[in-house]
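Just below is one structure, and these are the notes that go with it.
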Amino acid sequence: MDTQPTEASGTPEIECGQEAAKHFAFDNGYINLNHGSYGTHPIEVRSVHRKYQERAEARPDTFVRYELRTRLLKEARKAIADYVHASLETCVLVPNASTGIDTVLRNLTFEPQDAVICFSTIYPAFMNTLEYLTERNEFSIYQIEHDLALSDDEICNDFERMLEKISEDGKKAKLAIFDTITSLPAVRMPYERLTAICRSHGVLSCIDGAHGVGQLHLNLSQLDPDFFVSNCHKWLFTPRGCAVLYVPVRNQHLIRSTLPTGFNFSKREKAAKINNFVANFAAVATSDDTPYLCIPAALEWRERITFGDKTGEEAIISYNKELARKGGHLLADMLGTEVLDNEGLTLGDCAMTNVRLLISPEKCSEKLADLLNMVMNRKYNIAVNIYYYRQALWVRLSAQVYLELQHFEAAGGALREILTTYAVDDSGLIT
1 MDTQPTEASG TPEIECGQEA AKHFAFDNGY INLNHGSYGT HPIEVRSVHR
51 KYQERAEARP DTFVRYELRT RLLKEARKAI ADYVHASLET CVLVPNASTG
101 IDTVLRNLTF EPQDAVICFS TIYPAFMNTL EYLTERNEFS IYQIEHDLAL
151 SDDEICNDFE RMLEKISEDG KKAKLAIFDT ITSLPAVRMP YERLTAICRS
201 HGVLSCIDGA HGVGQLHLNL SQLDPDFFVS NCHKWLFTPR GCAVLYVPVR
251 NQHLIRSTLP TGFNFSKREK AAKINNFVAN FAAVATSDDT PYLCIPAALE
301 WRERITFGDK TGEEAIISYN KELARKGGHL LADMLGTEVL DNEGLTLGDC
351 AMTNVRLLIS PEKCSEKLAD LLNMVMNRKY NIAVNIYYYR QALWVRLSAQ
401 VYLELQHFEA AGGALREILT TYAVDDSGLI T
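Residues in the sequence shown are numbered from 1 upward in steps of one, following full-length UniProt numbering.
This is how it looks when you write it as structure tokens:
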């Protein structure tokens, strides 16, 4: 069998909201307002995925040796490369953004005078990686503590001031890690400007775009970062786990090994003569790589989406941003609190929103956040992401094409009921 499954194409348009919801396999009554954590994918893409898995089991050697690692993987890479406006040779596939960022960090060499810059909103796993690496290599971490009510100008100014401090300390800024959209809180960073600042100062830019692909219009050829990683299983609608790692040709010599080191690793003397970047990622280790092959199907499904007079990517991105803004403000009005944003409203220019819960600061904690998440999920059948930030509890809600404003209203009603029904003390929720 040599043809590619195409069940996701050739069918009618799908309107955002109630119509789109029919194409997802959620339990009846389950409201998924936490798409940003794990993502999900349409039934049509799931069908394509299962056909690939069936092919893998029908003829394992044929599939892995002569289909997956050759034609099929290249087709998937070509699809995502075109989507992010990058050349094929710069894009490889990895299981998730964490693997991609770790691959970059563990391949770079650091000297005692080197410094790595990050923001206080860095994804915790990546901060852990940096701290682990400092145990093995002597270099410095400079973290920018910032309050996420800042304007884009203030964020960029803080970044440039940190570059100045590093220089004053006699260090050399080697690498900066920053997000397209941060995780908790979920806000859009001025990543385009930060990338340009890095370029002008000779600092390598490493962009954690975990929430970028499928949520933002991306043109990596224009952006021209030194390293970029984004999940596809979150916002692009592929099965888990699937992510793209972008490394321009000028930097590919820096990424000598995959994680773990794979079959196509080249020793230094050979690597100096040939570019083995793409080949390295084609055969890393035995795993189920069929989610990668679903990128074309996911993109085909996205082309069918409509929102008003918009279609495809424009429909999805516009609908999600509008729903997130409206849903966030509706929830804030219901709870008598506020949406996290700045005066220019640039932080909220994405498909996620953050609303503060009305709980006194001294009672807020990560433990309480976990308990509230569990009650929302188990009792009310609503998935949200409640978290502790700046002495307060906030709820992150994700917009998506299968949701409508009524789902945000349901979450607001459930949260209001919880906060008025239960008394909160230091031990968590009590009746």
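Ideal Cβ placement from N, Cα and C applies to all residues, glycine included. In this text the structure is predicted, and so the values were computed from the model without any measurement.
Using a 10 Å radius around the Cβ and a threshold of 16 neighbouring Cβ atoms, would you call histidine 211 buried or exposed? buried
Local conformation of valine 131 per DSSP, three classes: With the sequence shown as reference, residue 131 is identified as glutamate, and valine is not the correct amino acid for it. Of the three classes helix, strand and coil, the one that applies to glutamate 131 here is helix, per DSSP.
How big is the Cα-Cα spacing for glycine 344 and cysteine 198? 24 Å
Beta-bridge partners of glutamine 143, as assigned by DSSP: Cys118
Sequence-distant residues of its chain with Cβ nearer than 8 Å to threonine 3 (five each side left out): A caution first: threonine 3 carries a pLDDT of 48, below 50, which makes its placement in the model too unreliable to give a value.
Tell me the rounded alpha-carbon separation between arginine 256 and phenylalanine 227. 14 Å
Is leucine 148 helix, strand or coil when you go by DSSP? coil
With a 10 Å radius around its C-beta and 16 neighbouring C-beta atoms as the bar for buried, classify glycine 29 as buried or exposed. exposed
Ordered list of beta strand (DSSP E) runs contained in the stretch 218-290, each at least 3 residues: 227-231 and 243-246
Buried or exposed, going by whether 16 or more other CB atoms sit within 10 Å of the CB of proline 190? buried
Which complete alpha helix (DSSP H) runs does the stretch 7-75 hold, if anything under 4 residues is left out? 18-21, 35-38, 43-58 and 60-63
Using only alpha-carbon positions, find the residue among Val94, Leu368, Thr346 and Glu338 that is nearest to valine 355. Glu338
Based on the DSSP output, what are the partners of serine 318 in its beta bridges? None; serine 318 has no bridge partner.
Three CB pairs or more closer than 8 Å across the stretch 88-99 and the stretch 72-80: yes
Round the Cβ separation of aspartate 102 and threonine 129 to the nearest angstrom and send it over; I've been treating them as touching at under 8 Å. 6 Å
Considering only the beta carbon of each residue, do leucine 323 and leucine 33 sit closer than 8 Å? no
For lysine 273 and alanine 283, the rounded distance between their alpha carbons: 20 Å
Whole-number beta carbon distance between methionine 334 and arginine 416, since they are thought to touch under 8 Å: 6 Å
Excluding the 5 residues preceding and the 5 following serine 318 in the sequence, name in chain order all residues of the same chain whose CB lies nearer than 7 Å to its CB. Phe307 and Lys310
Got a sec? Which residues, its chain only, sit under 7 Å from cysteine 364 by beta carbon, not counting five neighbours each side? Tyr388, Gln391, Ala392 and Leu393
Taking leucine 204 as the reference, give the member of Arg59, Thr109 and Pro225 with the closest Cα. Pro225
Mind checking whether isoleucine 117 and alanine 173 have CB atoms under 8 Å apart? yes
Cβ contact (3+ pairs, closer than 8 Å) linking the stretch 286-296 and the stretch 366-377: no
Report back the beta-carbon spacing between isoleucine 14 and isoleucine 305 to the nearest angstrom; my notes put them in contact at under 8 Å. 5 Å
Below 8 Å on the Cβ atoms is my guess for alanine 20 versus tyrosine 422; work out the distance and round it to an integer in Å. That belief does not hold up - the Cβ atoms of alanine 20 and tyrosine 422 are roughly 34 Å apart, past 8 Å.
Identify every residue that forms a DSSP beta bridge with isoleucine 155. According to DSSP, isoleucine 155 bridges with nothing at all.
Can you tell which of Leu148, Arg106, Leu105 and Phe139 has its C-alpha closest to the C-alpha of proline 112? Phe139
First and last residue of the uninterrupted beta strand (DSSP E) at leucine 403: Here leucine 403 belongs to no beta strand (DSSP E), and DSSP marks it neither H nor E.
For a test of the three-state rule: what should DSSP assign to isoleucine 386, helix, strand or coil? strand
Nearest-angstrom Cα distance between aspartate 179 and leucine 245? 14 Å
From the DSSP output, which residues share a beta bridge with asparagine 354? Arg396
So, helix, strand or coil for cysteine 375, using DSSP? The displayed chain sequence assigns valine, not cysteine, to residue 375. Here valine 375 sits in helix by DSSP.
Taking serine 205 as part of the alpha helix (DSSP H), name the residues at either end of that continuous run. Note, serine 205: premise wrong, no alpha helix (DSSP H); beta strand (DSSP E) at 204-208.
In angstroms, rounded to a whole number, what distance separates the CA positions of proline 124 and tryptophan 235? 20 Å
Leaving aside the five residues before and after methionine 1 along the sequence, list all residues of the same chain whose C-beta is less than 7 Å from its C-beta, in chain order. Confidence is the limiting factor: at methionine 1 the pLDDT is only 41, short of 50, which leaves the residue's position unreliable and the question unanswerable from this model.
Can you tell which of Phe277, Gly348, Glu57 and Cys232 has its C-alpha closest to the C-alpha of leucine 299? Cys232
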